[in-house]
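A.B. asks: Encoded as structure tokens, here's the structure I'll be asking about.
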Amino acid sequence: MPIIVNLDVMMAKRKMSLNELSEKVDLTLSNLSILKTGKAKAIRFTTLDAICKVLDCQPGDILEYVGDDKK
Amino acid sequence: MSKTNNFVFWGLYIVAWLIFVGLSIDAGGLLVNFFFSLYKPEFIQNLYQKLDLTEMYKDSRLAFFGIYSFILAISILKACLFYIVIRLMHKMDLSKPFNTFVARQISQISYYTLSIGMLSYIARQLAEDLMCRGFVTNNLNQFWADSQAFILMGAVIYVIATIFKKGVDIQNENELTI
Chain F
0 MPIIVNLDVM
10 MAKRKMSLNE
20 LSEKVDLTLS
30 NLSILKTGKA
40 KAIRFTTLDA
50 ICKVLDCQPG
60 DILEYVGDDK
70 K
Chain W
0 MSKTNNFVFW
10 GLYIVAWLIF
20 VGLSIDAGGL
30 LVNFFFSLYK
40 PEFIQNLYQK
50 LDLTEMYKDS
60 RLAFFGIYSF
70 ILAISILKAC
80 LFYIVIRLMH
90 KMDLSKPFNT
100 FVARQISQIS
110 YYTLSIGMLS
120 YIARQLAEDL
130 MCRGFVTNNL
140 NQFWADSQAF
150 ILMGAVIYVI
160 ATIFKKGVDI
170 QNENELTI
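If you're matching them up, the sequences are chains F and W in order.
First residue of the first sequence? That's 0 in numbering that gives the first Met the number 0, and the numbers climb one at a time after it.
First residue of the second sequence? That's 0 in numbering that gives the first Met the number 0, and the numbers climb one at a time after it.
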């Protein structure tokens with residue numbers, strides 16, 4: 000899929016662990032892991048809102064579009 | 000799941016097993032008949048179903064092998080069909096039935112049913128054609144009497160399988176929505 004999830008990059012920038020993020024955004028570890036590894040098929044606006052609030056970033060910092068020709 | 004549903008399910012499971020055993024014996028008996036008609040035709044009268052096609056074998060080997068291939072293929076496919084039904088009923092978890100395994104098994108059931116129907120239909124046409132050429136094929140009608148029913152059932156199961164597959168896809172997508 001051409002949408003890349005850069006959640007791990009943002010977490011590293013904020014020096015936040017997956018456990019801490021999962022507690023703060025009220026998501027299970029397995030769901031966050033699915034999101035982080037790029038296995039998720041869709042993300043709810045509420046989830047995106049919570050993650051952006053906790054990581055203090057924009058949706059564009061977490062999601063990135065990479066076309067097939069750029070891969 | 001209610002107790003009645005559970006009871007009906009297990010009842011159907013036992014019936015499916017019985018039919019599978021019957022069809023396997025049927026297919027095995029026909030296979031044995033086939034080899035005996037090739038190598039020891041005089042022994043056929045003592046065998047299962049007494050399917051004696053030695054006259055046809057003497058007249059035309061092509062017709063004999065053609066008809067026997069259809070009979071064997073149809074009976075083996077019927078046994079395989081019930082094997083898949085048994086496997087599906089054995090492994091299916093009724094509290095969580097929507098998964099890729101069940102979708103694939105239902106698709107397979109539809110393919111087998113359609114194949115049986117198509118083969119039966121072609122075999123019946125072949126038998127009628129052979130009858131016009133002077134061969135005696137009246138005793139073979141029992142093998143392909145229900146071809147149209149199989150085609151109809153296969154088509155219905157195919158539609159159900161397609162809907163089921165789509166349902167499983169939607170469920171997977173839902174589960175992967177964070």
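Every residue gets a Cβ at the ideal spot worked out from N, C-alpha and C, and that includes glycine.
Note that this is a predicted model, so its numbers are computed, not measured.
#1: DSSP state of Val4/F, grouped into three classes?
#2: Determine the direct distance from the alpha carbon of Val84/W to that of Phe163/W, and round the result to whole angstroms.
#3: Run through the DSSP bridge pairs and tell me what Glu63/F is partnered with.
#4: If you follow the alpha helix (DSSP H) that Glu54/W is part of, which residue opens it and which one closes it?
#5: When you compare only the Cα positions, how much space is there between Asn98/W and Thr136/W?
#6: If you measure from the beta carbon of Ile2/F to each beta carbon in chain W, is any gap under 8 Å?
#7: Taking the CB atoms as reference points, tell me whether Gly116/W and Ser74/W lie closer together than 8 Å.
#8: What's the gap between the Cα of Phe19/W and the Cα of Leu71/W?
#9: Is any beta-carbon of chain F found at less than 8 Å from that of Ile177/W?
#10: Under three-state DSSP, which class holds Thr45/F?
#11: To the nearest angstrom, report how far apart Gly59/F and Thr36/F are at their CA atoms.
#12: Taking a Cβ distance cut-off of 8 Å, strictly less, list which residues of the segment 31–59 of chain F are near chain W, in chain order.
#13: Pick helix, strand or coil for Thr176/W, following the three-state DSSP scheme.
#14: Taking Cβ positions, are Asn5/F and Ile50/F nearer each other than 8 Å?
#15: Just to confirm the assignment, what range does the alpha helix (DSSP H) spanning Tyr120/W have?
#16: Got a sec? Which residues, its chain only, sit under 7 Å from Asp65/F by beta carbon, not counting five neighbours each side?
#17: Just the Cα atoms here: how many angstroms apart are Glu172/W and Ala39/F?
C.D. replies: By the coordinates alone:
#1: Stepping through the first sequence from its first residue, residue 4/F is reached at position 5. It is a strand residue.
#2: Stepping through the second sequence from its first residue, residue 163/W is reached at position 164. Stepping through the second sequence from its first residue, residue 84/W is reached at position 85. Separation of Phe163/W and Val84/W (C-alpha to C-alpha, rounded to the nearest whole angstrom) is 16 Å.
#3: On the first sequence, position 64 is the one that residue 63/F refers to. Glu63/F is bridged by DSSP to Ile3/F.
#4: Position 55 of the second sequence, counted from the first residue, corresponds to residue 54/W. Unbroken alpha helix (DSSP H) run through Glu54/W: 53–58.
#5: Residue mapping note: residue 98/W aligns to position 99 of the second sequence, counting from 1. Residue mapping note: residue 136/W aligns to position 137 of the second sequence, counting from 1. As the crow flies, the alpha-carbon of Asn98/W is around 45 Å from that of Thr136/W.
#6: Position 3 of the first sequence, counted from the start, is the residue given in the question as residue 2/F. No, because no Cβ of chain W sits closer than 8 Å to the Cβ of Ile2/F.
#7: On the second sequence, position 117 is the one that residue 116/W refers to. On the second sequence, position 75 is the one that residue 74/W refers to. When the beta-carbon positions are compared, Gly116/W and Ser74/W stay at least 8 Å from each other.
#8: As a working note, residue 19/W is residue 20 in the second sequence. As a working note, residue 71/W is residue 72 in the second sequence. Answer to the nearest angstrom: the Cα atoms are 16 Å apart.
#9: Here residue 177/W refers to the residue found at position 178 when the second sequence is read from its first residue. Chain F, which has a Cβ nearer than 8 Å to the Cβ of Ile177/W, makes this yes.
#10: By one-based count along the first sequence, residue 45/F stands at place 46. In the structure shown, Thr45/F sits in a helix (DSSP, three-state: H, G or I).
#11: Locating residue 59/F in the first sequence gives position 60, counting from the first residue. Locating residue 36/F in the first sequence gives position 37, counting from the first residue. Going by the C-alpha atoms only, they are around 17 Å apart.
#12: Taking 8 Å as the Cβ-Cβ cut-off against chain W, the residues of the segment 31–59 of chain F that qualify are Leu31, Ile33, Leu34, Lys38, Ala39, Lys40, Ala41, Ile42, Arg43, Thr46.
#13: Counted from its first residue, the second sequence places residue 176/W at position 177. Correct three-state label for Thr176/W: strand.
#14: In the first sequence, counting from the first residue as 1, residue 5/F sits at position 6. In the first sequence, counting from the first residue as 1, residue 50/F sits at position 51. Taking 8 Å as the Cβ cut-off, Asn5/F and Ile50/F do not qualify as a contacting pair.
#15: As a position in the second sequence, residue 120/W is number 121, starting the count at 1. Here the alpha helix (DSSP H) through Tyr120/W covers 99–131.
#16: As a working mapping, residue 65/F is identified with position 66 in the first sequence. One point to set straight first is that residue 65/F is Val, not Asp, in the sequence displayed. Excluding positions up to five away in sequence, the list reads Pro1, Ile3.
#17: As a working note, residue 172/W is residue 173 in the second sequence. As a working note, residue 39/F is residue 40 in the first sequence. A straight-line Cα-Cα distance of about 8 Å links Glu172/W and Ala39/F.
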